[in-house]
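Mind the numbering: the sequence shown is residues 1 to 359 in UniProt numbering, read in order.
Each residue gets a CB set at the ideal place from its N, CA and C atoms; glycine is no exception.
Structure first, commentary second.
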Amino acid sequence: ARAPEWRACPADIMVSIAMGKGDERSALLPETTGESARASAHQGAVGVGNGFNSWASGKRVAMIAVGAVLGVCGLVGGYMHSTMPGVAPKEGDPDFRTLPPVDFDDKTLLIVVGLPFSGTSALEGLLGTSGVITDLCKSNTWQCENTVLLEDMGFINENVHCDPDDVTAAEFAYAYKDFANKWWDMSKPVLMDKTPNMLCRHRFVRDAAAALGVPVKFVVLTHHPFSWNSESHPFNEDYYAENLAYTLDILADSSVDSLKVRYEDMAWNMDEVIKSIKAFVPAVKNLNPWHSSLSDDSKGDRGMGVSEYFQHEPLEWIAKDLEPATYAMLCKLGYNEDGECAASAGASESPSGFVETDE
């Protein structure tokens, strides 16, 4: 469904949200996670509310407080008010309506995310061989990612990794309309943005896409620690586990359309990877794993087709000692070839999919 036409928000709509420590919420679609949350929406004399007052200590709970219409109004109108500093839209948030018009009809926004240096560029190069997907390579940024572009717009700070509060939904909406005017080939039906550090920002991207009236799909790359054997970027369990929690969050979020692709399958089961991508993005009819769309824009391994790369560098599977909580998250992702589920004993799982140790 397309987003509603822009209009002023009804003056009799009031939204108030109070949240506990650790909460996070998109500015467009009010959404909270945390140890405690309360939300209420009132329209005239009719009250529509949801009360959430108690959960077991340490649990993280996600909920949609009010509808997307209120969120869209909050994007450009400033009608949304929060008792928590930093939750409301940034002062001076850009208005994408000031940019030249863009026709997003029959377009799909495709977001490719995963841990940094986990193989997302290889996946991007594979997707680009479809002939129907346009990327950001025309901007000449590193690995055709959006990071420098967002830095140049003043939306994120240099060297930021996963800080979900640094880019608002309004800024993403502005950025994507700007990309459509400058960098994407708008004759193609699928607009791709492959930037690993958006792993923690999917709700803001979702809401930005809704404001622009373009459907969005997320391709989420997972990479098992046992196949992570890079010498240039050694495996770091703490960093890995932190980002794996974001991965689980995206895949468990029923408000977004997502596809999980396993890095290992790109080495050992490419036919299934291609089949799943075609089913997920119907515009894609053909993919060539022996070629990479990054060949003309990148150097080294990233410019090599995935299948050719693994032909020269067979994927190794080397066991590592991991914490039970890490095993538990891997189990939830469907990894159990090496007894990950059994090894997760001692870790507890919260309702949202985040994993916490008993301690």
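Could you spell out where the beta strand (DSSP E) holding residue i opens and where it closes?
{"i": "leucine 191", "result": "190-194"}
{"i": "arginine 262", "result": "257-262"}
{"i": "threonine 222", "result": "216-222"}
Could you give the DSSP three-state label for residue i: helix, strand or coil?
{"i": "phenylalanine 117", "result": "coil"}
{"i": "isoleucine 318", "result": "coil"}
{"i": "isoleucine 156", "result": "coil"}
{"i": "threonine 98", "result": "helix"}
{"i": "valine 112", "result": "strand"}
{"i": "phenylalanine 172", "result": "helix"}
{"i": "isoleucine 64", "result": "Any answer about isoleucine 64 is weak, because its pLDDT of 30 lies below 50 and its placement is not dependable; what the coordinates show is given next. Here isoleucine 64 sits in strand by DSSP."}
{"i": "threonine 141", "result": "coil"}
{"i": "proline 85", "result": "For proline 85, the pLDDT reaches just 29, beneath the cut-off of 50, and the residue's location in the model is therefore unreliable, although a value from the coordinates is still provided. Proline 85: coil per DSSP, three-state reduction."}
Could you check the C-alpha separation between residue i and residue j for me, to the nearest Å?
{"i": "alanine 328", "j": "glutamate 237", "result": "13 Å"}
{"i": "isoleucine 156", "j": "methionine 198", "result": "12 Å"}
{"i": "cysteine 331", "j": "aspartate 152", "result": "40 Å"}
{"i": "aspartate 106", "j": "glycine 125", "result": "23 Å"}
{"i": "glycine 303", "j": "glycine 119", "result": "12 Å"}
{"i": "phenylalanine 179", "j": "histidine 312", "result": "36 Å"}
{"i": "proline 289", "j": "histidine 223", "result": "18 Å"}
{"i": "methionine 266", "j": "alanine 169", "result": "32 Å"}
{"i": "alanine 319", "j": "proline 225", "result": "8 Å"}
{"i": "glycine 334", "j": "tyrosine 174", "result": "36 Å"}
{"i": "serine 292", "j": "valine 205", "result": "26 Å"}
{"i": "glutamate 337", "j": "lysine 275", "result": "22 Å"}
{"i": "cysteine 137", "j": "valine 148", "result": "12 Å"}
{"i": "serine 344", "j": "tryptophan 184", "result": "44 Å"}
{"i": "arginine 97", "j": "aspartate 271", "result": "42 Å"}
{"i": "valine 256", "j": "aspartate 207", "result": "10 Å"}
{"i": "tyrosine 309", "j": "arginine 262", "result": "16 Å"}
{"i": "leucine 127", "j": "glutamate 171", "result": "26 Å"}
{"i": "valine 102", "j": "asparagine 181", "result": "7 Å"}
{"i": "cysteine 341", "j": "aspartate 321", "result": "14 Å"}
{"i": "aspartate 93", "j": "glycine 154", "result": "11 Å"}
{"i": "alanine 245", "j": "aspartate 95", "result": "32 Å"}
{"i": "glycine 74", "j": "asparagine 243", "result": "In this predicted model, glycine 74 has a pLDDT of only 40, less than 50, meaning its place in the structure is not dependable enough to derive any value."}
{"i": "lysine 285", "j": "alanine 252", "result": "27 Å"}
{"i": "glycine 339", "j": "phenylalanine 235", "result": "20 Å"}
{"i": "alanine 209", "j": "cysteine 144", "result": "20 Å"}
Check for me: the alpha helix (DSSP H) holding residue i runs from which residue to which?
{"i": "lysine 275", "result": "270-280"}
{"i": "leucine 149", "result": "147-152"}
{"i": "proline 324", "result": "324-332"}
{"i": "leucine 294", "result": "Here leucine 294 belongs to no alpha helix (DSSP H), and DSSP marks it neither H nor E."}
{"i": "glutamate 338", "result": "A small fix is needed here, since residue 338 is aspartate in this sequence, not glutamate. No alpha helix (DSSP H) holds aspartate 338; DSSP gives it neither H nor E."}
{"i": "arginine 206", "result": "202-212"}
{"i": "asparagine 243", "result": "237-252"}
{"i": "serine 307", "result": "306-312"}
So residue i and residue j are in contact, right, with Cβ under 8 Å, and what is the actual spacing, rounded?
{"i": "asparagine 140", "j": "threonine 195", "result": "That belief does not hold up - the Cβ atoms of asparagine 140 and threonine 195 are roughly 15 Å apart, past 8 Å."}
{"i": "lysine 217", "j": "valine 281", "result": "7 Å"}
{"i": "threonine 108", "j": "alanine 241", "result": "Actually they are not in contact, since the Cβ atoms of threonine 108 and alanine 241 sit about 32 Å apart, beyond 8 Å."}
{"i": "leucine 287", "j": "threonine 129", "result": "6 Å"}
{"i": "lysine 188", "j": "threonine 134", "result": "4 Å"}
{"i": "leucine 123", "j": "valine 190", "result": "Between valine 190 and leucine 123 the Cβ distance is about 14 Å, and since that is not below 8 Å, they are no contact."}
Take residue i as the anchor and find which of the options has the nearest alpha-carbon.
{"i": "leucine 314", "options": "Asp253, Trp268 and Leu149", "result": "According to the sequence shown, residue 314 is proline rather than leucine. Closest option to proline 314, Cα to Cα, is Trp268."}
{"i": "phenylalanine 117", "options": "Arg203, Ser293, Val219 and Asn229", "result": "Asn229"}
{"i": "glutamate 231", "options": "Ala279, Glu316 and Asp93", "result": "Glu316"}
{"i": "leucine 99", "options": "Gly92, Val113 and Tyr176", "result": "Tyr176"}
{"i": "histidine 233", "options": "Glu340, Asp185, Met186 and Leu115", "result": "Leu115"}
{"i": "serine 254", "options": "Ala279, His202, Tyr239 and Phe235", "result": "His202"}
{"i": "valine 306", "options": "Val273, Met186 and Phe96", "result": "Val273"}
{"i": "alanine 211", "options": "Ala279, Asp321 and Phe104", "result": "Phe104"}
{"i": "isoleucine 277", "options": "Glu323, Pro324 and Val220", "result": "Val220"}
{"i": "valine 112", "options": "Ile250, Pro324 and Gly339", "result": "Ile250"}
{"i": "alanine 283", "options": "Asp93, Val167 and Met192", "result": "Met192"}
{"i": "cysteine 200", "options": "Leu294, Asp166, Gly213 and Glu323", "result": "Asp166"}
{"i": "valine 214", "options": "Gly339, Leu244, Met186 and Pro94", "result": "Met186"}
{"i": "glutamate 264", "options": "Ala279, Ser227, Asn243 and Ala252", "result": "Ser227"}
Does any CB atom of chain B fall closer than 8 Å to the CB of residue i?
{"i": "proline 189", "result": "Here there is only one protein chain, and chain B is not present."}
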